[in-house]
Amino acid sequence: MIVIITTKKDQGRFSNILGAAMTLVNNQEQSEPGANCSKPQTVQAIIGHSGSTPTMSFAKIVGNFHIPVISHFATCACLSNRKEYPSFFRTIPNDFYQSRALAQLVRHFGWTWVGALSNKNDYGIDGITTFIKSATEEGVCIEYIEAFESTSQYTEILRIVNIIRSSTSKVIMAFMSHREIKLLVDELYKQNVTGLQWIGSDAWITDDSLADIYGHTLLTGSIGFAVRNAQIPGLGSFLQKVNPSQFPNSIFVKDFWEHVFDCSFTTSKLTKRCNGSENLSDVQNSFTDLTDLRFSNNIYKAVYAVAHAINNLLLCEENKSSSPNACLKLAEIKPWQLLNSLQSVNFTTPGGESVFFDSNGDSPARYELINLQSVDRGKIDVETIGYYDASLPKDQRFSMNNVKVVWREGGDQVPVSVCSTSCPSGTRKAMQKGRPVCCYDCILCPPGEISNKTDSVDCLKCPVTQWSNTRGDACIPKEIEFLSYDEIMGILLGLFSLIGAFFTIVVTLIFYIYRSTPIVRANNSELSFLLLFSLTLCFLCSLTFIGRPTEWSCMLRHTAFGITFVLCISCVLGKTLVVLMAFKATLPGSNVMKWFGPLQQRLSVVSFTFIQLLICALWLILSPPFPYMNMKHYQEKVILECNVGSATGFWAVLGYIGLLAVLCFVLAFLGRKLPDNFNEAKFITFSMLIFCAVWITFIPAYISSPGKFIVAVEIFAILVSSFGLLFCIFLPKCYVILLRPEINTKKHVMAKINK
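Residue numbering for the sequence shown follows the working numbering, beginning at -1 and increasing consecutively.
Have a look at this one:
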């Protein structure tokens, strides 16, 4: 015998549930007249109850007697506990899967800031708890969690409405029945709280009674999961043939008949009398409407699951006749036998739906994604916009149809519900203290760090040779800085170098043209021409410091500078010695000039220069200068410079130049009071004073200058010292040659000497 339990208003009370359970277990129901006496002595299976909470109490009691209980509507995940409910089955999916599906749905549409509501029974509490856990795993934050019942006081409803009004989330997950959602929406409508996107559970998302409430328009655009709809072959013709005469003892059929035809089987002055000849095919109501059979199909599957289980027990074969279950009669089937048979049931409905139960008595979790496209007075327009199948791989479980979705209150744009807007690339998220992780500020990445995707938690450091762009979303090669001809400073320094070389060549031409004049001959013309040649090289060697440093240019710039300057100072030193020796030679009995004649002068210049050549050669052999990418001074750019290689070699070259310059200055200073026409020493003193001052100043400037400015300082020192030598030594002579030719005579020179 199979018993189907249906819902009545008071059937959820524990006393009624306990009484019904004990009645069924003890088989105390009354026999109907004319009933088949071959029925089993005990109930073999029970189909029902519809609610999760009453089913928990009922199934726990009946489970002790191993009687199968198959529910079509009890969805609480707690009922999957086989230890507490060993005989429970259901043809509706476990809410655990619905809650997870709802969490994925929320994440799919980018809603990371939602409110959560439920009723206070097991269905609501378990469902919303699982949803919150799954939503958190999906990166969704819950702004508030509230629960109430349809029997809650009005002040409780007002409190929740105030929470919704003051919240910033625009999406609400409502895991409750149609009774609670109608109460809440009516109050929201009264207080003009609008602009909410509702997400519904299967208990209310397809309920027709939603169209009868005052705030029905607020529910337009709601989405949620519902069990799959199906068509039951033959159900329509069967329902139209239902008549009270077929079920004379059924109070449910009588109540239904009186409600549909507005009549009464008892004598009443207010309504007409039912005669049983009324025809259901003449009326249109929810009973004969076959467009939505979601839960009816679950009952259909439950009945057929029991039928298949019984059929499997009744099947027997001759070669299995010795089996204890072979060739059983219907009346002989025990509940525990049917329980075992149900566990292995597997069949396909005429609609193509596979029906089976897992080890916990659960059926496959398959849902349709529902969109309430319009909710008008007396009618709701339900559209299936997607599907969810928990048996598929995670990335394939959820799919959307190519159907236009109607959003909140009839809108056509996907609502936005976030605590904080997405942080664009170039920024990172900084959590707001004391608030959920979905609430954050967007902080710009510091220079040298980037984020190349939205909602980055951290900024990534760029490689050492790269730097962040202005948007902070990509690393680009660092700007390579060196003194080049493409910038004003490089152009000016190069121009002054060429001007200096040009002036030197002009002076050389003047001296060559007037080489036979007394002033040129009296100032050691050979050393003068060699000095002018070395000064030209000094001006030109500064050009090697401009441009992109290479291995060869780095070696050339320092060695060329060191050698040409030593050659220049050696010539000046030679001229100073010539002046001193020449004056000594005019004294009676002096033969000094034979020890410092032209040959000795040449040898002194060569010797001084050779020492510098030797220093440079050792420097280049042991540790030569090389191009170096300096990233210490600036983080955002690379300074391409020449590393001196050996600091000892570099300072040895400068030190040797300085030694010769000091020696030349001292000798020139000693000869500063010699007769005017031979007094080159005075001008050499000035030139060496400028030279020493420049290079003494150069040392701290060289050490403290960053990047390309260190090269500019070195070029500046070369140019200033070279111009100092050129102007101080040769400008006075050019003045006499070109502008005072009357004093550029042998008679005038001899007169000065004699005086």
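Where is the CB? At the ideal position from N, CA and C, for every residue including glycine.
Residue(s) in a DSSP beta bridge with residue 625
In the DSSP output, where bridge partners are listed per residue, residue 625 has 640.
Which one of 638, 736, 705 has the shortest CA to CA distance from residue 511?
Minimum Cα distance to residue 511 is reached at 736.
Take residue 356 as the anchor and find which of 623, 79, 120, 215 has the nearest alpha-carbon.
Across the set 623, 79, 120, 215, the C-alpha of 79 shows the shortest separation from the C-alpha of residue 356.
Of all the options 407, 549, 304, which has the alpha carbon lying nearest to the alpha carbon of residue 340?
Relative to the Cα of residue 340, the nearest Cα in the group 407, 549, 304 belongs to 304.
Curious, which full-length beta strand (DSSP E) runs of at least 3 residues does the segment 375 to 446 contain?
Residue ranges of uninterrupted beta strand (DSSP E) with 3 or more members, entirely inside the segment 375 to 446 and ordered along the chain, are 377 to 387, 396 to 398, 425 to 429, 438 to 442.
Distance CB(residue 97)-CB(residue 129) smaller than 8 angstroms
Judged by beta-carbon spacing, residue 129 lies within the 8 angstroms limit of residue 97, meaning their Cβ atoms are closer than that value.
Based on Cα-Cα distance, which residue from 549, 281, 499, 572 lies nearest to residue 718?
Of the candidates 549, 281, 499, 572, the residue whose Cα lies closest to the Cα of residue 718 is 499.
Who are the Cβ neighbours of residue 654 in its own chain at under 8 angstroms, not counting the five residues just before and after it?
Non-local C-beta neighbours of residue 654 in its own chain, meaning closer than 8 angstroms and more than five positions away in sequence, comprise 560, 564, 609, 610, 613, ordered along the chain.
Rounded to whole angstroms, what's the CA-CA distance from residue 312 to residue 149? Just pull it up for me.
As the crow flies, the alpha-carbon of residue 312 is around 48 angstroms from that of residue 149.
Element boundaries [alpha helix (DSSP H), containing residue 518]
First-last of the alpha helix (DSSP H) with residue 518: 516 to 519.
Can you check whether the CB of residue 638 is closer than 8 angstroms to the CB of residue 629?
No, the pair does not count as a contact, with Cβ atoms beyond the cut-off.
Beta-carbon proximity check, residue 44 vs residue 70, cutoff 8 angstroms
With contacts defined as CB atoms closer than 8 angstroms, residue 44 and residue 70 fail to qualify as a contacting pair.
Residue 166 - containing beta strand (DSSP E), residue span:
That residue, residue 166, is in no beta strand (DSSP E); it is neither H nor E in DSSP.
Looking at C-alpha atoms only, which residue of 418, 263, 76, 188 is the closest neighbour of residue 124?
The shortest C-alpha separation from residue 124 is found at 76.
Beta carbon of residue 542 nearer than 8 angstroms to that of residue 558:
A contact, by the Cβ cut-off of 8 angstroms.
Given a cut-off of 8 angstroms on the beta-carbon distance, is the pair residue 208 and residue 448 in contact?
No.
Taking the alpha carbon of residue 461 as the point to measure from, which residue in 604, 452, 472 has its own alpha carbon closest?
Of the listed residues, the one whose Cα sits closest to residue 461 is 472.
Taking C-beta to C-beta, are residue 696 and residue 711 nearer than 8 angstroms?
One thing to note: residue 696 has its Cβ within 8 angstroms of the Cβ of residue 711.
May I have the straight-line CA-CA distance separating residue 103 from residue 83, to the nearest angstrom?
So the two alpha carbons sit approximately 31 angstroms from each other.
Contacting residues, own chain, Cβ-Cβ under 7 angstroms from residue 227 (five flanking each side not counted)
Once the five neighbours on either side are set aside, the close Cβ partners of residue 227 are 290, 291, 292, 366.
Is residue 50 near residue 101, with beta carbons less than 8 angstroms apart?
It is not a contact, given that the beta carbons lie outside the stated cut-off.
Whole angstroms is fine: what's the gap from residue 484's alpha carbon to residue 741's?
So the two alpha carbons sit approximately 48 angstroms from each other.
Alpha carbon to alpha carbon, how far is residue 669 from residue 576?
Straight-line Cα distance between these residues: approximately 11 angstroms.
May I have the straight-line CA-CA distance separating residue 422 from residue 455, to the nearest angstrom?
Cα to Cα, the separation comes out at about 11 angstroms.
Integer-rounded CB distance, given that residue 501 should sit under 8 angstroms from residue 724
Indeed, because the Cβ distance is near 6 angstroms, the residues count as touching under 8 angstroms.
If you draw a straight line from the C-alpha of residue 152 to the C-alpha of residue 255, how long is it?
Cα-Cα distance, rounded: 36 angstroms.
For the putative contact between residue 384 and residue 372, defined by C-beta atoms under 8 angstroms, what is the C-beta separation to the nearest angstrom?
That belief does not hold up - the Cβ atoms of residue 384 and residue 372 are roughly 18 angstroms apart, past 8 angstroms.
Would you tell me roughly how many angstroms separate the C-alpha atoms of residue 171 and residue 138, rounded to the nearest one?
Going by the C-alpha atoms only, they are around 12 angstroms apart.
Who are the near neighbours of residue 380 in its chain, counting only those whose CB is closer than 7 angstroms to its CB and skipping five residues on each side?
The residues 204, 368, 370, in chain order, have a CB closer than 7 angstroms to that of residue 380 in the same chain once the five nearest residues on each side in sequence are set aside.
Distance between residue 469 and residue 351 (C-alpha atoms, nearest Å)
Taking the Cα positions, residue 351 is about 55 angstroms away from residue 469.
Grab the span of the beta strand (DSSP E) containing residue 195 for me, first residue to last.
Looking at the DSSP string, the run of the beta strand (DSSP E) that includes residue 195 is 195 to 198.
For residue 722, which three-state DSSP category applies?
For residue 722, the secondary structure class from DSSP, reduced to helix, strand or coil, is helix.
Answer yes or no: do residue 599 and residue 661 have a C-beta to C-beta separation smaller than 8 angstroms?
By the CB criterion at 8 angstroms, residue 599 and residue 661 fall outside the cutoff.
Where in the segment 205 to 232 do unbroken runs of the alpha helix (DSSP H), each at least 4 residues long, occur, reported from the N-terminal end onward?
Given a length threshold of 4 residues, the segment 205 to 232 has no whole run of the alpha helix (DSSP H) inside it.
Alpha-carbon to alpha-carbon, residue 700 and residue 647:
Their Cα atoms are separated by approximately 16 angstroms.
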